[in-house]
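Trainee: Pasting in a structure now, in structure tokens, and then I'll have a few things to ask.
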Amino acid sequence: MTPVAHHTQSELDDLKAKAPLLVLDGVTKTFPGVKALDDVSFEVRHGEVHALLGENGAGKSTLMKVLAGNHQAERGQVHLEGEAIRVANPLEAKKRGIVLIHQELSLVPEMTVAENIFLGSLPTTALGIVNWRTLFDRAGRILDQLGCRFAASDKVDRLSIANRQMVEIARALVFTPKVVVFDEPTASLTDAEKVVLFDIIERLKEQDVGIVYISHRMDEIFRLSDRITVLRDGQVSGTLKTAETTEDEVTRLMIGRSLEGRPAAAPGAIGEVALELKGLSCGDLFRDVSFSLRRGEVVGMYGLIGAGRTEIAETIFGLRTPDAGEIRVHGEVVQIASPPDAIRHGIALAPESRKEQGLVLGMSCRDNMSLAQLEGVSATGWLDRGAEQAIYDEYAERLALKSPSWRTPVVNLSGGNQQKVVLGKWLSTRPEILIVDEPTRGIDVGSKSEIHALIRRLAASGIAVLVISSEMPEVLGVSDRILALYHGRLAAEFDAASVTEDALVQAISGM
10 MTPVAHHTQS ELDDLKAKAP LLVLDGVTKT FPGVKALDDV SFEVRHGEVH
60 ALLGENGAGK STLMKVLAGN HQAERGQVHL EGEAIRVANP LEAKKRGIVL
110 IHQELSLVPE MTVAENIFLG SLPTTALGIV NWRTLFDRAG RILDQLGCRF
160 AASDKVDRLS IANRQMVEIA RALVFTPKVV VFDEPTASLT DAEKVVLFDI
210 IERLKEQDVG IVYISHRMDE IFRLSDRITV LRDGQVSGTL KTAETTEDEV
260 TRLMIGRSLE GRPAAAPGAI GEVALELKGL SCGDLFRDVS FSLRRGEVVG
310 MYGLIGAGRT EIAETIFGLR TPDAGEIRVH GEVVQIASPP DAIRHGIALA
360 PESRKEQGLV LGMSCRDNMS LAQLEGVSAT GWLDRGAEQA IYDEYAERLA
410 LKSPSWRTPV VNLSGGNQQK VVLGKWLSTR PEILIVDEPT RGIDVGSKSE
460 IHALIRRLAA SGIAVLVISS EMPEVLGVSD RILALYHGRL AAEFDAASVT
510 EDALVQAISG M
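Dropping the structure here:
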């Protein structure tokens with residue numbers, strides 16, 4: 010056999026391109042009652058960004074957790090640089106150069122940023138004691154590289170979700186990685202932080218690191234990736250060169266059909282004003298905000314993280330107390346001091362974080378759906394299981410909920426179906442005003458389309474809907490009007506049918 014050293018540089022480059030850095034061959038993984046992965050084969054080349062797509066529950070995260078040692082497959086083999094390996098746990102995976110940046114944050118909130126970054130590999134002195142100075146110096150350099158504005162000595166529990174995600178990303182730079190898996194890395198990041206992340210990915214590519222990129226955001230997939238592999242129901246439905254495919258083709262591989270266009274509102278469906286804010290202010294969070302929301306209308310609220318979008322919604326729902334201004338419901342000034350007050354006035358809020366704020370993950374789908382109206386299903390002091398079941402049956406059918414049973418804990422559902430449970434819980438209160446904050450965060454394109462269609466149907470039925478989103482295509486696609494926020498103030502209002510992306514960007518940037 011001819012020694013590699015005898016090849017020309019061009020031949021070496023060709024060999025590198027042909028020989029995968031990482032191969033998962035015939036991986037099968039089963040959980041009780043579910044075959045999550047069925048004979049899946051997947052490869053990553055040196056210096057390649059390989060996107061892994063699929064609906065929620067298709068098996069993407071499970072496949073990567075097998076690679077990273079979080080799960081053990083029943084069948085299949087992992088090869089790294091041509092060598093068959095068995096990864097028993099995440100620490101062993103990291104030592105081999107395989108780093109998984111989780112979608113679900115895996116940080117220790119009570120520890121500092123530096124301790125989290127170097128968890129499992131803390132620098133020590135000759136006596137085996139943690140060398141704190143070295144720890145904070147190293148962590149500080151990594152944070153500087155990422156452009157982070159928080160300190161290595163800060164406690165993680167004091168950081169925003171976006172900053173916690175940056176700590177997760179910082180972990181990948183501690184080791185000398187061969188393969189880095191990014192699982193929904195931009196779900197909580199600002200636009201500026203996304204630019205930093207994309208620069209990091211380009212630098213990793215230049216160092217011949219293989220990148221697996223999991224995301225539901227097609228613009229990122231087509232910007233970053235070289236190839237795309239699509240999983241569907243735990244099996245590979247196809248691998249495509251990014252430059253030679255389209256979003257529509259990828260979507261068909263994911264869900265077996267093309268997505269429908271924006272559902273139109275019924276002509277003349279928009280009615281009288283249901284909700285009106287006049288000069289509403291809340292400390293430094295937002296000031297002098299005024300707008301109206303009509304029955305049958307979808308109003309989108311768009312702005313950068315920290316612009317005050319969520320805080321306005323929380324104030325309307327009674328989770329925050331305004332210090333100026335007024336809230337009117339159907340023309341009457343109302344005092345909303347708590348969520349029960351909001352519910353009595355016909356207002357419902359599907360919150361930004363469904364797992365932390367919208368659901369009790371260990372409880373069943375049925376029990377979650379009745380949480381917003383326990384008084385109605387326990388008039389005698391005892392839970393009326395029949396009334397709970399009736400709520401579940403009605404909204405599981407209306408929302409096309411995909412769940413094995415009403416008994417299924419919501420933690421076992423896909424992101425899209427979890428969001429349907431949240432919406433079912435609030436729709437069961439028969440609201441006249443519905444606020445949905447980041448309705449499709451972390452949800453696949455098929456489920457996004459379903460949620461968007463549902464929002465339009467709810468508006469067509471006469472509900473006034475306020476949609477808060479950090480995704481411009483979502484706001485443009487689902488809204489009748491768009492409110493642009495900048496630094497806690499209403500910067501502009503647009504007709505969604507005629508506004509341009511440039512105009513929106515300028516408004517939320519204070520331009």
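Using my numbering, read the sequence shown as starting at 10 and increasing by one per residue.
The beta carbon of each residue, even a glycine, is placed where N, CA and C say it ideally should be.
Assign S488 to buried or exposed, taking buried as 16 or more other Cβ atoms, counted over all protein chains shown, within 10 Å of its Cβ.
Mentor: When all chains shown are included, S488 counts as buried.
Trainee: Please return the same chain residues whose Cβ sits closer than 6 Å to the Cβ of K187, not counting the five positions on each side in sequence.
Mentor: Contacts found: G106.
Trainee: Specify, as a first and last residue, the run of the alpha helix (DSSP H) that C291 falls within.
Mentor: Taken as a continuous stretch (DSSP letters only), C291 belongs to no alpha helix (DSSP H), being part of the beta strand (DSSP E) at V282 to C291.
Trainee: How many angstroms separate the CA atom of G312 from the CA atom of T133?
Mentor: Taking the straight line from one Cα to the other gives about 44 Å.
Trainee: Tell me which residue opens and which closes the alpha helix (DSSP H) that A359 is part of.
Mentor: That residue, A359, is in no alpha helix (DSSP H); its beta strand (DSSP E) goes I356 to A359.
Trainee: Buried or exposed for G426, please, with buried defined as at least 16 other CB atoms from any protein chain shown within 10 angstroms of its CB.
Mentor: Sequence check: residue 426 is Asn here, not Gly. So N426 ends up on the buried side.
Trainee: Which of the three DSSP states is assigned to E502 in this structure?
Mentor: Strand.
Trainee: Would you say R84 and T37 are within 8 Å of each other, going by their C-beta atoms?
Mentor: Yes, the Cβ-Cβ distance between R84 and T37 is below 8 Å.
Trainee: Assuming contact is defined by CB atoms lying nearer than 8 Å, are I345 and L289 in contact in what I supplied?
Mentor: No, Cβ-Cβ distance for I345 and L289 is not below 8 Å.
Trainee: Hey, is the segment 458 to 472 in contact with the segment 325 to 343, meaning 3+ C-beta pairs nearer than 8 Å?
Mentor: In short, these stretches do not touch, since the Cβ pair count stays below three.
Trainee: In the DSSP assignment, what are the bridge partners of K164?
Mentor: BP columns for K164 point to T121.
Trainee: Near G367, which residues of its chain fall below 6 Å by C-beta distance, leaving aside the five closest residues on each side in sequence?
Mentor: Closer than 6 Å at the Cβ level, and outside the excluded window around G367, lie P360 and V431.
Trainee: Tell me Q244's beta-bridge partners as DSSP assigns them.
Mentor: Paired residues: R241.
Trainee: Check whether the segment 478 to 495 touches the segment 346 to 360, taking contact to mean three or more Cβ pairs, one atom from each stretch, closer than 8 Å.
Mentor: The segment 478 to 495, when compared against the segment 346 to 360, does not touch it at the 8 Å Cβ threshold.
Trainee: According to DSSP, is I170 part of a helix, a strand, or is it coil?
Mentor: Here I170 sits in helix by DSSP.
Trainee: As a quick exercise: from G327, E397 and L467, pick the residue whose alpha carbon is nearest that of L380.
Mentor: The candidate whose alpha carbon is nearest that of L380 is E397.
Trainee: Can you have a look at M10 and say buried or exposed, based on whether 16 or more other CB atoms are within 10 angstroms of its CB?
Mentor: In this prediction, M10 scores a pLDDT of 36, lower than 50, which makes its location untrustworthy; the coordinate-derived value is nonetheless stated afterwards. So M10 ends up on the exposed side.
Trainee: What does DSSP give as the partner residue(s) for P418 in the beta ladder?
Mentor: Beta-bridge pairing links P418 to S373.
Trainee: Taking all protein chains shown into account, decide if R158 is buried (16 or more other Cβ within 10 angstroms of its Cβ) or exposed.
Mentor: The residue in question, R158, is exposed, as its Cβ has fewer than 16 Cβ neighbours within 10 Å.
Trainee: Would you mind sorting E64 into buried or exposed? The rule is 16 or more other CB atoms within 10 Å of its CB.
Mentor: The residue is buried, with at least 16 neighbouring Cβ atoms inside 10 Å.
Trainee: Identify whether T319 lies in helix, strand or coil by the three-state DSSP scheme.
Mentor: Three-state DSSP puts T319 in a helix.
Trainee: By Cβ distance, which residues of its chain are closer than 8 Å to T509, with the 5 residues on each side in sequence left out?
Mentor: Same-chain partners within the cutoff: there are none.
Trainee: Whose CA, out of V218, Q216, K250 and P413, lies closest to the CA of I230?
Mentor: Selected option, being the one with the closest Cα: K250.
Trainee: Please report the distance separating the alpha-carbon of A181 from that of E124.
Mentor: Distance between the alpha carbons of A181 and E124: 14 Å.
Trainee: Spatial neighbours of A516 within its chain, please: C-beta separation below 6 Å, excluding the five flanking residues on both sides.
Mentor: These residues qualify, in order along the chain: A493, A500 and A501.
Trainee: Counting only the same chain and skipping the five closest in sequence on each side, list residues whose C-beta sits under 8 Å from that of P12.
Mentor: Residue placement at P12 is poorly supported in this model, since its pLDDT is 37, which falls under 50; the coordinates are not used for a value here.
Trainee: Taking 8 Å as the threshold (C-beta atoms), are T248 and T238 in contact?
Mentor: A contact, by the Cβ cut-off of 8 Å.
Trainee: Just the C-alpha distance for S224 and G340, rounded to the nearest angstrom, thanks.
Mentor: Going by the C-alpha atoms only, they are around 43 Å apart.
Trainee: Which word fits Q216, buried or exposed, when buried means at least 16 other C-beta atoms lie within 10 angstroms of its C-beta?
Mentor: With fewer than 16 Cβ atoms within 10 Å of its Cβ, Q216 is classed as exposed.
Trainee: Between the alpha carbons of A93 and V87, how many angstroms are there, rounded?
Mentor: Looking at the two C-alpha atoms, the distance is approximately 6 Å.
Trainee: Since D48 is in the alpha helix (DSSP H), which residue starts that stretch and which ends it?
Mentor: It is not in any alpha helix (DSSP H) - D48 instead sits in the beta strand (DSSP E) that spans V43 to V53.
Trainee: Quick check on V431: does DSSP put it in helix, strand or coil?
Mentor: V431: helix per DSSP, three-state reduction.
Trainee: Report the CB separation of L513 from V474 in whole angstroms; it is logged as a contact under 8 Å.
Mentor: Incorrect: roughly 19 Å between the Cβ atoms, too far for contact.
Trainee: Would you tell me roughly how many angstroms separate the C-alpha atoms of S470 and G305, rounded to the nearest one?
Mentor: In a straight line, the C-alpha of S470 is about 7 Å away from that of G305.
Trainee: Give a yes or no on contact between the segment 167 to 175 and the segment 193 to 203, applying the rule of three or more CB pairs nearer than 8 Å.
Mentor: Yes: at least three Cβ pairs fall under 8 Å.
Trainee: Below 8 Å between beta carbons: does that hold for I151 and I126?
Mentor: Yes. Within cutoff.
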